[in-house]
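Undergrad: Here the sequence shown is numbered in numbering that gives the first Met the number 0, starting from 0 and rising by one per residue. Beta carbons are placed, not taken as given, at the ideal position from N, Cα and C, and that holds for glycine. Only a predicted model underlies this, so the values are computations on that prediction, with no experimental measurement involved. Please find one structure pasted underneath; my questions will follow.
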Amino acid sequence: MIFDLLFCLLSLGMLIVAIYRWCCTSKFYERLPVDLIWPMLRFMWRGKNRAYLRAGVTFPLAFLSLLVLGFRCSVGFIVLFVLLPWTCILVQSVPPYILFLCASNVGATKLKGELQDAVYPLRVAALLDLRATGSWTSRLQQSADNLRTQSDTNWQEIVTRLIDTAPLIIVDSRVFSSHLLQETVVLLQRPDAVRRAIFLISKKRERCLFEKLPENRVKDLRVMDVEELPEYCRRLTGYGTYFGFG
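Put into structure tokens, the structure is as follows:
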């Protein structure tokens, strides 16, 4: 009985969080972005978080198999095997408010965590190689919002779709990588996306990425000091902290 209650409360809490995050996100899109659910699920399947989708299919099938075999299942067991996996999928299907384009390194991972704290319950998505992001705890924290694909063949489709739709795009120009350069080139080809983009610099005025771009494309870009960014995002959205209160 106690376990049934715990499973039900856990699933209900996650469902409320998922709906809340969807409602908050919809305020920054022209309408409720339900048309992005399918692309987000496709990106999930092609990325490192496909286990959520697998659980959403295999757990209910396992539950149905037990029913067919005559097993009697409690309410908590039903919630665990059916509602909880699909609630996780619903959370994963929330489109990002911030698309964070960066080279995979410890500093970028730390900044992404600060951005997530600043705009929660909105979502910050990145395509990080988690092997280069520090400790296993850091990898675990970043894995849920990491849309990096299993291979390099599908990354451009994901980046292009997110660049076209994300309300805010942040490019960490302090550290150069070939993938970041390709992503930036895609962004610069879209004037509307450039207007939604912020390029980060540091107090040392490091602009490693800018050195690889044509000067005429760099001069009109919106730049911001990296230390100012979290507070700027908090003021911009009116959110912040893990409970979503100002």
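What do you get for L11, buried or exposed, if any count of 16 or more other CB atoms within 10 angstroms of its CB means buried?
TA: One-based indexing of the sequence shown puts residue 11 at position 12. Exposed, since its Cβ has fewer than 16 Cβ neighbours within 10 Å.
Undergrad: Tell me the DSSP bridge mates of D171?
TA: Within the sequence shown, numbered from 1, the residue matching residue 171 stands at position 172. Paired residues: L199.
Undergrad: Would you mind reading off the limits of the beta strand (DSSP E) that contains F99?
TA: Position 100 of the sequence shown, counted from the start, is the residue given in the question as residue 99. Start and end: 97 to 100.
Undergrad: Taking C-beta to C-beta, are V93 and K111 nearer than 8 Å?
TA: What you label residue 93 is simply residue 94 of the sequence shown in a count that begins at 1. What you label residue 111 is simply residue 112 of the sequence shown in a count that begins at 1. Not a contact, by the Cβ cut-off of 8 Å.
Undergrad: Where does C72 land, buried or exposed, given buried means 16+ other C-beta within 10 angstroms?
TA: Position 73 of the sequence shown, counting from 1, holds the residue named residue 72. Counting Cβ neighbours within 10 Å, C72 comes out exposed, since fewer than 16 surround it.
Undergrad: So the alpha helix (DSSP H) V193 belongs to, where does it begin and stop?
TA: Numbered from its first residue, the sequence shown carries residue 193 at position 194. From DSSP, the alpha helix (DSSP H) with V193 extends over 190 to 194.
Undergrad: So V170 and L146 are in contact, right, with Cβ under 8 Å, and what is the actual spacing, rounded?
TA: Here residue 170 refers to the residue found at position 171 of the sequence shown. Here residue 146 refers to the residue found at position 147 of the sequence shown. Rounded, the Cβ-Cβ distance is 16 Å, inconsistent with contact.
Undergrad: Rounded to the nearest angstrom, what separates S176 and I97 at their Cα positions?
TA: Along the sequence shown, read from residue 1 onward, the residue named residue 176 stands at position 177. Along the sequence shown, read from residue 1 onward, the residue named residue 97 stands at position 98. Rounded to the nearest angstrom, the two C-alpha atoms are 20 Å apart.
Undergrad: Mapping the DSSP letters down to three states, classify V93 as helix, strand or coil.
TA: Here residue 93 is taken as the residue at index 94 of the sequence shown, counted from 1. It is coil, neither helix nor strand.
Undergrad: If I follow the unbroken beta strand (DSSP E) through A123, where does it start and stop?
TA: Looking up residue 123 in the sequence shown gives position 124. Rather than Ala, the amino acid found at residue 123 in this sequence is Val. Here the beta strand (DSSP E) through V123 covers 123 to 125.
Undergrad: Whole angstroms is fine: what's the gap from V174's alpha carbon to V184's?
TA: By 1-based counting over the sequence shown, the position of residue 174 is 175. By 1-based counting over the sequence shown, the position of residue 184 is 185. The straight-line gap from Cα to Cα measures roughly 16 Å.
Undergrad: Let me check understanding here. Comparing Cα to Cα, which of C23, V193, F62, L63 lies closest to K218?
TA: Here residue 218 refers to the residue found at position 219 of the sequence shown. Out of C23, V193, F62, L63, V193 has the C-alpha closest to the C-alpha of K218.
Undergrad: On the three-pair Cβ rule with 8 Å, is the region 81 to 92 touching the region 38 to 58?
TA: Cβ pair count under 8 Å is three or more, so yes.
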